[in-house]
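> Residue numbers (my numbering): 7 to 241.
Note that CB positions come from ideal geometry on N, CA and C, so glycine has one too.
All values reported here derive from a predicted model rather than from experimental measurement.
Structure incoming, see below.
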DNA sequence: ACCCAGGCGCATG
DNA sequence: CATGCGCATGGG
């Protein structure tokens, strides 16, 4: 019996196509000899509870000012950084969070992402969660998309998916949902392929969420609307 | 004029 | 341990 998790994945992938996340400007980093993984980390912090459209101009500003590097964020004046990322909202907090993260990276790993990601996965995840401003979704986005680690990312859309379709998760909390998806996917995929599935699945869920599964659902033409139990009352 | 977005930290009961 | 609240801009 193929799990519902796999079925939904296959339907989403075949109807929506590969999303190719994380959206980072690889060409920019090739030209500047900088590290695209750092752009992913910055994006993960800036997009916290914020539409990606608001993040795009902020990333563009940082690129234009040549500040999309560990040293760049370390050295930039805080008030100026706030100004550059203003469009993402919560810009006081987020500017501090960027500063805090690079301080952590510099203090503990000499600013090297290679050193950071060479750590044991579960120790590293716990350590990232200690950094102020990095919660479970941000930590897992960094691990999966910047570090190529086998970690499933959960967000509000993923929770909504579990509620509406519905999926038999224990409780509707982060770790339970993550565990549920990982357990159901590890049986079918291994190694690099599993990592690619984690990357693609999360991106597909976000697309699904943005397009159909909003607070006010728009079920027409949703590729998995037949599985949706939205109209049924959820206990 | 609302509502919402790819969360998180901290304060309460 | 579970909720509630503040943080803030930009698009629908």
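For the alpha helix (DSSP H) holding residue 189, just list the boundary residues, first then last.
Here residue 189 corresponds to residue number 183 of the first chain, with the count starting at 1. Element bounds for residue 189: 180-192.
> In whole angstroms, what separates the C-alpha of residue 228 from that of residue 129?
The residue given as residue 228 occupies position 222 in the first chain. The residue given as residue 129 occupies position 123 in the first chain. The alpha-carbon atoms of residue 228 and residue 129 are separated by roughly 39 Å.
> To which residues of the same chain is residue 238 closer than 7 Å at the C-beta, ignoring the five residues directly before and after it?
Counting from 1 along the first chain, the entry for residue 238 is found at position 232. Only weak support exists for where residue 238 lies, its pLDDT of 48 falling under 50; the coordinates are left without a value.
> By alpha-carbon positions, which one of 56, 98, 209, 158 ends up nearest to residue 182?
Reading the first chain from its first residue, position 176 is the one you call residue 182. When each option's Cα is compared against that of residue 182, the closest is 158.
> Buried or exposed for residue 193, please, with buried defined as at least 16 other CB atoms from any protein chain shown within 10 angstroms of its CB.
Stepping through the first chain from its first residue, residue 193 is reached at position 187. By the neighbour-count rule (16 or more Cβ atoms within 10 Å), residue 193 is not buried but exposed.
> For residue 142, which option in 201, 162, 58, 15 has the closest C-alpha, if you only look at C-alpha atoms?
Position 136 of the first chain, counted from the first residue, corresponds to residue 142. Comparing Cα positions, the closest option is 162.
> Can you tell me which of 105, 221, 217 puts its alpha carbon nearest to the alpha carbon of residue 230?
Counted from its first residue, the first chain places residue 230 at position 224. Nearest option by C-alpha distance: 217.
> Hey, residue 94 and residue 56 are a contact pair by Cβ (cut 8 Å); roughly how many whole angstroms apart?
Sequence index remark: in the first chain, residue 94 carries index 88 (1-based). Sequence index remark: in the first chain, residue 56 carries index 50 (1-based). Residue 94 to residue 56, Cβ: 5 Å. Contact.
> In its own chain, which residues sit with a C-beta less than 7 Å from the C-beta of residue 22, not counting the 5 before and 5 after it?
As a first step, residue 22 is located in the first chain; it is residue number 16 there, counting from the start. Excluding sequence neighbours, residue 22 sits near 210, 213, 229.
> Which residues mark the beginning and the end of the alpha helix (DSSP H) in which residue 230 is found?
The count along the first chain starts at 1 and reaches residue 230 at position 224. Neither: residue 230 is in no alpha helix (DSSP H) and is coded neither H nor E.
> In the structure shown, what three-state DSSP assignment does residue 13 receive?
Locating residue 13 in the first chain gives position 7, counting from the first residue. Of the three classes helix, strand and coil, the one that applies to residue 13 here is helix, per DSSP.
> Measuring CB atoms only, is the region 95-114 touching the region 130-140, in the sense that at least three cross pairs come out at less than 8 Å?
yes
> Starting from residue 165, follow the alpha helix (DSSP H) in both directions and report where the run begins and ends.
One-based indexing of the first chain puts residue 165 at position 159. In the DSSP assignment, residue 165 falls within the unbroken alpha helix (DSSP H) covering 162-170.
> With distances taken Cα to Cα, identify the nearest neighbour of residue 156 among 34, 188, 24.
Sequence index remark: in the first chain, residue 156 carries index 150 (1-based). For residue 156, the nearest C-alpha among the options comes from 188.
> Rounding to the nearest angstrom, what Cα-Cα distance links residue 173 and residue 167 in this structure?
Walking along the first chain from the start, residue 173 turns up at place 167. Walking along the first chain from the start, residue 167 turns up at place 161. For residue 173 and residue 167, the distance between alpha carbons rounds to 8 Å.
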